[in-house]
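Student: Going down the list, the protein sequences come from chains A and B. Counting in this note's numbering, the first sequence runs from 217 upward without gaps. Counting in this note's numbering, the second sequence runs from 253 upward without gaps. For glycine and all other residues, C-beta sits at the position ideal for the given N, C-alpha and C. My structure is below; once you've seen it, I'll send some questions.
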Amino acid sequence: MIVAKRKPLAEIVEMVRPYKKVTVVGCRSCVAICLAGGEKEVKMLVSALRLRAKKDGRKQEFEGFVVERQCEKEWVKEVEEKLLDSDLTLSMACSLGAQTIGDMYPSHLTFPGLNTGMFGVPEEQGVWSEKCVGCGNCIIHTTGGICPIARCAKSMLNGPCGGSANRKCEVNLEVDCAWAAIYDRLKLQNRLDLIEPITPAKDWSTSHAGGRRTYVREDAKLTPHQKKGKEALK
Amino acid sequence: MKVGSNLEKVLESGKFTVTAEIGPPQSSNPGPLTHHAKMLKGSADAFNLTDNQTAVVRLSSIASAVIIMREGVEPVIQMTCRDRNRIALQSDLFGAAALGVKNVLCLTGDHQVFGNEKGAKNVFDFDSVVELQVFNQLRTEGRQVGGEVVKDPPKTYLGCAENPFATPYEFRVSRLAKKVAAGADFCQTQAIFDMGMFEKFMDEVVSRGLDKKIHILAGVIPMKSVGAARYMRNKVPGMIVPNEIVDRMKNAKDQKEEGIKLCIEQIEHLKTVKGVHGVHIMAVAWEEMVPRIVKEAGLMPRPTFA
Chain A
217 MIVAKRKPLA EIVEMVRPYK KVTVVGCRSC VAICLAGGEK EVKMLVSALR LRAKKDGRKQ
277 EFEGFVVERQ CEKEWVKEVE EKLLDSDLTL SMACSLGAQT IGDMYPSHLT FPGLNTGMFG
337 VPEEQGVWSE KCVGCGNCII HTTGGICPIA RCAKSMLNGP CGGSANRKCE VNLEVDCAWA
397 AIYDRLKLQN RLDLIEPITP AKDWSTSHAG GRRTYVREDA KLTPHQKKGK EALK
Chain B
253 MKVGSNLEKV LESGKFTVTA EIGPPQSSNP GPLTHHAKML KGSADAFNLT DNQTAVVRLS
313 SIASAVIIMR EGVEPVIQMT CRDRNRIALQ SDLFGAAALG VKNVLCLTGD HQVFGNEKGA
373 KNVFDFDSVV ELQVFNQLRT EGRQVGGEVV KDPPKTYLGC AENPFATPYE FRVSRLAKKV
433 AAGADFCQTQ AIFDMGMFEK FMDEVVSRGL DKKIHILAGV IPMKSVGAAR YMRNKVPGMI
493 VPNEIVDRMK NAKDQKEEGI KLCIEQIEHL KTVKGVHGVH IMAVAWEEMV PRIVKEAGLM
553 PRPTFA
C-alpha cells in the first residue's frame with residue numbers, strides 16, 4: 217500500500233492560517249490503514265486545528281470527513297459541494313488523492329496534509345517498511361523474492377556493498393542488509409546458483425526515469441457508445 | 253599488455269606491487285596534490301585518487317590525476333556510481349583516457365549519508381560490477397552499453413575493490429568472482445587487520461583459481477594512534493579491527509611509531525600469503541609515511557621499465 221505520514225501540526229497550522237473555512241478530507245484506503253489519514257486522524261486533526269485557532273484568536277472554521285478512495289473521481293464527486301463551499305481543502309489522503317481533487321477543481325485550493333512516503337507493508341503494529349519503488353520491471357524471482365532496488369540503500373543488483381556489518385545496512389543499522397536477506401533466502405530455496413551470474417545494466421526507462429508513466433488497458437476502456445450510455449444514466 | 257600503464261607492467265612482471273592513495277583536497281587548491289606527488293614519487297607503482305570518498309566533496313579525481321601526472325606520478329582514478337549515471341560514467345571515462353589516465357578503479361561508492369552533503373540525491377544507475385562490465389565492453393568491443401559503436405574507445409586498466417570483512421561473508425568470494433567475470437584486472441582490498449580472516453578469504457580465492465585471473469593487492473592502513481584504531485573498530489562500516497591490535501596501540505610508548513611498525517609487519521606477512529600480488533597502502537591524511545613504510549618493508553626501489 218501507499219504509506220504516508222501526517223505533516224507536523226505546526227506546518228499544517230501555517231499552511232491553513234490565511235483561510236477562513238477549511239475542509240479536511242481523509243481517505244478510507246491506504247492512508248487509513250497506515251493510520252495517517254483515516255476517519256480517526258481527520259477527527260483528531262480537526263479538533264487540534266480548532267483548538268489552535270481558538271488559542272491564537274483566529275476566526276477559522278474546520279470541518280472534516282472521509283471519502284472512500286480519494287484517488288478516484290467518482291468518490292470525490294460525491295462530496296464536491298462540501299469541498300467547493302470551503303476556502304481550502306486540506307487533503308489527508310496520499311498525494312494521489314490531493315492531486316485528484318486538485319485536477320478536478322483547479323481553481324479551488326487543495327493542500328497536502330500528509331507527506332506521502334513509499335510503497336510499503338505493515339511489519340508489525342505501527343511499523344511500515346518500504347519494499348518496492350515501482351521501477352516497472354520486476355526481477356524479484358531472481359533475488360529470492362526480495363527487491364534489492366527498494367531494500368538496498370544503493371539499489372545494488374549484483375550483491376552486497378562493502379559496508380555492511382552484522383548483516384545490517386550501513387546506512388541504517390536497524391535495517392537488514394537486503395543482500396544478506398537475499399543470500400539467506402536463496403540458500404533456503406537451494407538456489408544459490410543465482411548469486412554469481414551478473415545482472416547487467418538495468419533499463420530504467422520503465423521507471424520514473426522514463427518520464428511520467430501512463431498505463432492504458434485498451435480492453436478495459438469504454439467504447440464511445442458505452443461512454444454515451446454512462447452519461448445518459450447520470 | 254592491455255593498456256601499458258606502469259601499474260599493469262609491474263603486476264604483469266610478477267613483482268610484488270605497491271599502490272598507495274592520495275586524498276584530493278576539499279578545495280580547488282592543487283597545492284596539496286603537487287606537494288604529495290613530489291613527496292611520494294617513486295615510492296609506489298601508482299597512486300589512487302579517491303572520488304569524493306565517504307561522500308565528502310573534494311577536488312575531482314580526474315582533475316587530481318592530471319595534476320599528479322604533471323609531476324610524473326601515475327594515477328589510478330576512482331570512479332563511483334553514486335554521483336554519475338551511465339552517460340556521465342562513460343563520458344568521464346572518455347575524458348580521463350583522453351587526458352592520459354590509464355588506470356581506473358570501479359566502485360559503487362559510499363552512501364551520501366556519511367558525507368557533507370546529506371541532502372544529495374544519489375544516482376546508482378549502476379553498481380560497481382555493471383560499471384566494470386560496461387567499461388570492459390568499451391575497451392574490448394568498442395561499444396557503449398546502449399549499443400553505440402565508439403571509434404576510439406578508452407583503453408583503461410580496470411580495477412575493483414573487495415571487502416572480505418563485510419557481511420554477508422559467504423558472498424565475498426562470489427562477489428570477487430563476479431568482478432573478475434565483469435573484466436577487472438586488479439583488486440585492492442579493504443584494509444586488513446584480522447589476518448586470519450583474510451587468509452581464510454584468500455584460501456577460497458586461491459582454491460577457485462581467482463588469483464590467476466586477477467591481481468590482488470592487499471589493503472593496509474598505518475594507524476597514527478589508538479584513537480584511530482578504536483574509530484575504525486567501532487565506527488567504520490565493514491571494518492574489523494581485533495582487540496589485540498587496539499590493545500597493542502594503547503600500550504605502545506610511541507603510538508605513531510607502533511602504527512608504522514605494525515603496518516610494516518602486516519606487509520611482511522602479506523608477502524607470504526598465497527595469491528597476494530602486492531599491497532595497497534591507505535595512509536589516510538598521513539601520506540608522508542608511505543616512502544618510509546615501503547622502504548622498511550623491503551620494497552624499494554620500485555621497478556622501472558625502459
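Which whole-angstrom value describes the C-beta separation of His-529(B) and Leu-469(B), a residue pair presumed to lie in contact below a C-beta threshold of 8 Å?
Tutor: Confirmed, about 6 Å.
Student: Does the CB of Ile-355(A) have a neighbour CB from chain B at under 9 Å?
Tutor: No, Ile-355(A) does not count as interfacial toward chain B.
Student: If you run the structure through DSSP and keep just helix, strand and coil, what is Met-331(B)?
Tutor: Looking at Met-331(B) - three-state DSSP - the assignment turns out to be strand.
Student: Please classify Leu-389(A): does DSSP put it in a helix, a strand, or coil?
Tutor: In this structure, Leu-389(A) counts as coil in the three-state DSSP scheme.
Student: In terms of residues, what are the limits of the alpha helix (DSSP H) holding Ser-316(B)?
Tutor: From DSSP, the alpha helix (DSSP H) with Ser-316(B) extends over 313-321.
Student: In chain order, which continuous runs of the beta strand (DSSP E) of length 3 or greater are located wholly inside the stretch 257-290 of chain B?
Tutor: Taking only runs of at least 3 residues, the beta strand (DSSP E) segments lying wholly in the stretch 257-290 of chain B are 269-274.
Student: At the level of alpha carbons, what is the spacing between Ser-371(A) and Asn-503(B)?
Tutor: Near 43 Å, if we compare the C-alpha coordinates of Asn-503(B) and Ser-371(A).
Student: Excluding five sequence neighbours on each side, which residues of the same chain lie with their C-beta closer than 7 Å to the C-beta of Ala-549(B)?
Tutor: Excluding positions up to five away in sequence, the list reads Ile-516, Ile-519 and Glu-520.
Student: Return helix, strand or coil for Ala-296(B), following the three-state DSSP convention.
Tutor: It is coil, neither helix nor strand.
Student: From Glu-434(A) to Glu-290(A), what distance separates their C-alpha atoms?
Tutor: Roughly 21 Å separates the two Cα atoms.
Student: Starting from the beta carbon of Leu-373(A), find every residue of chain B whose beta carbon is closer than 9 Å, and list them in chain order.
Tutor: Neighbours of Leu-373(A) on chain B, chain order: Phe-378, Asp-379, Val-381 and Val-382.
Student: Excluding five sequence neighbours on each side, which residues of the same chain lie with their C-beta closer than 6 Å to the C-beta of Val-262(B)?
Tutor: Counting only Cβ-Cβ distances below 6 Å, and skipping sequence neighbours, we find Thr-269, Asp-297 and Pro-555.
Student: Would you say the stretch 231-246 of chain A touches the stretch 261-276 of chain A, given that touching needs at least three Cβ pairs under 8 Å?
Tutor: Touching, yes, given that three or more Cβ pairs across the two stretches are closer than 8 Å.
Student: So with CB distances below 8 Å, who are the chain A contacts of Glu-400(B)?
Tutor: None at all; the shortest Cβ gap to chain A is about 13 Å.
Student: Can you give me the C-alpha to C-alpha distance between Lys-407(B) and Asn-355(B), rounded to a whole angstrom?
Tutor: C-alpha separation (whole angstroms): 9 Å.
Student: Is there a C-beta anywhere in chain A that falls below 9 Å from the one on Lys-464(B)?
Tutor: Lys-464(B) does not count as touching chain A.
Student: Find out if the Cβ-Cβ distance for the pair Arg-391(B), Lys-254(B) is shorter than 9 Å.
Tutor: Taking 9 Å as the Cβ cut-off, Arg-391(B) and Lys-254(B) qualify as a contacting pair.
Student: Return helix, strand or coil for Trp-420(A), following the three-state DSSP convention.
Tutor: The answer is helix: DSSP assigns Trp-420(A) an H, G or I state.
Student: Listing by chain order, which chain A residues have their CB less than 9 Å from the CB of Gly-490(B)?
Tutor: Per Cβ cutoff of 9 Å: Cys-377, Gly-378, Gly-379, Ser-380, Ala-381 and Glu-386.
Student: Do three or more CB pairs link the stretch 393-400 of chain A to the stretch 358-365 of chain A at distances below 8 Å?
Tutor: In short, these stretches touch, since the Cβ pair count reaches three.
Student: Just tell me which of Arg-285(A), Met-320(A) and Arg-244(A) has its CA closest to the CA of Val-296(A).
Tutor: It should be noted that the sequence gives Glu, not Val, for residue 296(A). The shortest C-alpha separation from Glu-296(A) is found at Met-320(A).
Student: Under DSSP, the alpha helix (DSSP H) around Thr-332(A) begins and ends at which residues?
Tutor: Here Thr-332(A) belongs to no alpha helix (DSSP H); instead the beta strand (DSSP E) covers 330-340.
Student: For the alpha helix (DSSP H) that contains Cys-515(B), what are its first and last residues?
Tutor: Unbroken alpha helix (DSSP H) run through Cys-515(B): 507-522.
Student: Is there a C-beta anywhere in chain B that falls below 9 Å from the one on Pro-224(A)?
Tutor: It does not: the Cβ of Pro-224(A) has no partner Cβ on chain B nearer than 9 Å.
Student: Could you compute how far the alpha carbon of Gly-313(A) sits from the alpha carbon of Gly-253(A)?
Tutor: Distance between the alpha carbons of Gly-313(A) and Gly-253(A): 11 Å.
Student: Which residue comes first and which comes last in the alpha helix (DSSP H) that contains Tyr-399(A)?
Tutor: 394-404 is the extent of the alpha helix (DSSP H) around Tyr-399(A).
Student: Looking only at its own chain, which residues have a Cβ that is under 7 Å from the Cβ of Ile-398(A), when we skip the five neighbours before and after it?
Tutor: Thr-359, Gly-360, Ile-362 and Pro-364.
Student: Count the other C-beta atoms from every protein chain shown that fall within 10 angstroms of the C-beta of Ile-355(A), then say buried if there are 16 or more, exposed otherwise.
Tutor: Ile-355(A) is exposed by the Cβ-count criterion.
Student: Could you spell out the range, first to last residue, of the alpha helix (DSSP H) harbouring Tyr-483(B)?
Tutor: 478-486 is the extent of the alpha helix (DSSP H) around Tyr-483(B).
Student: Helix or strand or just coil, what does DSSP make of His-357(A)?
Tutor: Residue state, collapsed to three classes: helix.
Student: Listing by chain order, which chain A residues have their CB less than 9 Å from the CB of Gln-442(B)?
Tutor: Within chain A, the residues near Gln-442(B) are Gly-378.
Student: Specify, as a first and last residue, the run of the beta strand (DSSP E) that Thr-441(B) falls within.
Tutor: Looking at the DSSP string, the run of the beta strand (DSSP E) that includes Thr-441(B) is 438-443.
Student: Along chain B, which residues have their Cβ under 8 Å away from the Cβ of Asn-412(A)?
Tutor: Here residue 412(A) is Glu; the residue named in the question, Asn, does not match the sequence. In chain order: Ser-426, Ala-429, Lys-430 and Ala-433.
Student: Quick check: the stretch 362-375 of chain B against the stretch 439-454 of chain B, are there 3 or more CB pairs under 8 Å?
Tutor: These segments do not touch.
Student: Of the residues Thr-360(B), Ala-348(B), Gln-342(B) and Ala-413(B), which one's Cα is nearest the Cα of Val-318(B)?
Tutor: Val-318(B) has its Cα closest to that of Ala-348(B), out of Thr-360(B), Ala-348(B), Gln-342(B) and Ala-413(B).
Student: Using a C-beta to C-beta distance shorter than 7 Å, which residues of chain A count as neighbours of Ala-418(B)?
Tutor: Those are Pro-376, Gly-378, Gly-379, Ser-380 and Ala-381, listed as they occur along chain A.
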